[in-house]
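What follows is a short report on a single structure.
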Amino acid sequence: MLQIASLVSGYDALAVLHDVSLHVKESEAVAIIGANGAGKTSLVRAIAGLNRAMRGAIAMHGADMTHLPAHARPAHGIASLLENRRLFGEFTIEENLRLAETAGRKLRPGRTKFEWNDVCDLFPIVRERGATRVELLSGGQQQMVAVARCLLLQPDLLILDEPSTGLAPKVVKDILEVLGALRDRGMAILLVEQNVGIAASLTERAYVMSLGRIVHEVAGEEWRNFGTDERLAKAYLGGGREP
Ligand SMILES: Nc1ncnc2c1ncn2[C@@H]1O[C@H](COP(=O)(O)OP(=O)(O)OP(=O)(O)O)[C@@H](O)[C@H]1O
Ligand SMILES: [Mg+2]
């Protein structure tokens with residue numbers, strides 16, 4: 374569904390991603406892991422259209438998106454939750470979500486629409502505090518609204534850049550539960566996550582990044598053991614020998 378081939382991308386003329394190729398299939402949950410500065414955020418920004426592709430190609434459902442502006446990408450089925458949540462603080466929860474709802478795309482055959490009620494069921498705060506201005510919410514609550522907003526864009530692929538960073542354990546647990554429910558519902562997920570245990574619990578396989586490149590792909594039992602096997606994590610994520 375998402376296909377990235379030999380992508381080179383970065384900031385202005387500076388390339389920080391080198392020859393990155395990856396794919397995500399329909400309904401697949403995939404993680405991207407790697408040390409600080411490995412290029413995870415830069416990759417997500419390139420997929421979202423916020424960083425320019427200097428070489429290579431990005432396609433979704435077989436359609437080329439390589440040079441599409443960021444605002445045109447949700448129409449191809451991509452919704453991304455980046456580090457800044459891009460909500461409108463002075464608007465209420467409901468207003469933020471209604472805006473996304475009107476921007477929601479036509480569904481591909483066979484997909485079920487995310488209705489307003491589905492979102493309220495997943496995120497009780499929408500029902501309980503819909504009239505509250507977003508700027509008055511805590512970081513965790515804003516994160517919930519940001520995920521809800523992504524869903525109302527009716528994506529086929531939800532991309533999240535470290536959604537648990539800076540949040541209290543209880544909120545992290547809530548967000549993970551929501552992501553698990555989405556995965557079980559068949560939503561494809563591309564999750565950037567430094568916490569390997571969290572990443573492995575939610576996804577089927579992972580790409581490991583280092584210095585702007587994908588250096589490994591981990592799947593199956595190896596990936597399931599990754600979070601608990603210190604030796605593996607060290608070998609892949611640094612702090613030890615390069616694999
Ligand atoms: N705005 C920017 N301008 C220039 N270079 C940048 C910019 N943002 C990031 N970089 C560089 O791009 C490289 C990859 O950074 P990136 O933020 O993608 O890493 P990351 O894997 O997301 O790290 P972290 O785990 O800390 O979030 C780093 O060398 C960084 O210095
Ligand atoms: Mg990052």
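Residue numbers (my numbering): 374 to 616.
Each residue gets a CB set at the ideal place from its N, CA and C atoms; glycine is no exception.
Contact between the segment 383-391 and the segment 534-553: three or more CB pairs below 8 angstroms? Too few Cβ pairs lie closer than 8 angstroms, so no.
Please go through the segment 467-551 and give each complete beta strand (DSSP E) segment of 3 or more residues, from N-terminal end onward. 530-534
Can you determine whether any heavy atom of ligand 1 sits closer than 7 angstroms to the C-beta of L380, and answer yes or no? no
Where the alpha helix (DSSP H) containing A430 begins and where it ends: A430: not part of any alpha helix (DSSP H); member of the beta strand (DSSP E) spanning A426 to M433, first to last residue.
Alpha-carbon spacing of V397 relative to F461, whole angstroms: 30 angstroms
I'd like the list of long-range same chain contacts for R614, defined as Cβ closer than 6 angstroms, with 5 residues on each side in sequence excluded. Residue confidence is low: R614 scores 39 on pLDDT, short of 50, so the model does not pin down where it sits. Its coordinate-derived value is still stated next. Closer than 6 angstroms at Cβ, skipping near neighbours: no residue.
Consult DSSP for T414 and reduce its assignment to one of helix, strand or coil. If DSSP states are grouped into helix, strand and coil, T414 belongs with the helices.
Whole runs of the alpha helix (DSSP H) within the segment 555-604, excluding any shorter than 4 residues: Taken in chain order, the complete alpha helix (DSSP H) segments of 4 residues or longer contained in the segment 555-604 are 569-575 and 593-599.
Same chain, Cβ closer than 7 angstroms to A448, neighbours up to 5 away in sequence not counted: R478
Run the CB neighbour count on T576, radius 10 Å, all protein chains shown included, and call it buried at 16 or more, exposed below. buried
Taking 7 angstroms as the limit, tell me which residues put their C-beta closer than that to any heavy atom of ligand 2, in chain order. K413, T414, E456, D534, E535 and V565
Give me the Cα-Cα distance between D602 and A579, rounded to the nearest whole angstrom. 15 angstroms
Could you tell me which residues DSSP pairs with A404 in its beta bridges? Under the DSSP definition of a beta bridge, A404 partners with L564 and A579.
Expressed to the nearest angstrom, what Euclidean distance is found between the alpha-carbon atoms of I451 and V520? 13 angstroms
Sufficient close CB pairs (3 or more, under 8 angstroms) joining the segment 552-565 to the segment 405-424: yes
Ligand 4 heavy atom lying under 7 angstroms from the CB of A386: Annotation note on ligand 4: not contained in the displayed structure, which lists ligand 1 and ligand 2 as its ligands.
Would G404 be called buried (16 or more neighbouring beta carbons within 10 Å of its own) or exposed? Note on residue identity: the sequence assigns Ala, not Gly, to residue 404. Under this definition A404 is a buried residue.
Once the 5 residues before and after D392 are set aside, which same chain residues still bring their CB inside 8 angstroms of it? S379, L380, V381, G429 and R586
DSSP three-state label for A386, please. coil
With a CB to CB cut of under 6 angstroms and the five nearest residues on each side skipped, what residues in its chain are close to V411? Looking at the sequence shown, residue 411 is not Val but Ala. Here the set comprises M582 and S583.
Return helix, strand or coil for L610, following the three-state DSSP convention. helix
Would the segment 470-490 and the segment 504-511 be scored as touching if the rule is three or more Cβ pairs under 8 angstroms? no
Can you tell me whether H440 is helix, strand or coil according to DSSP? coil
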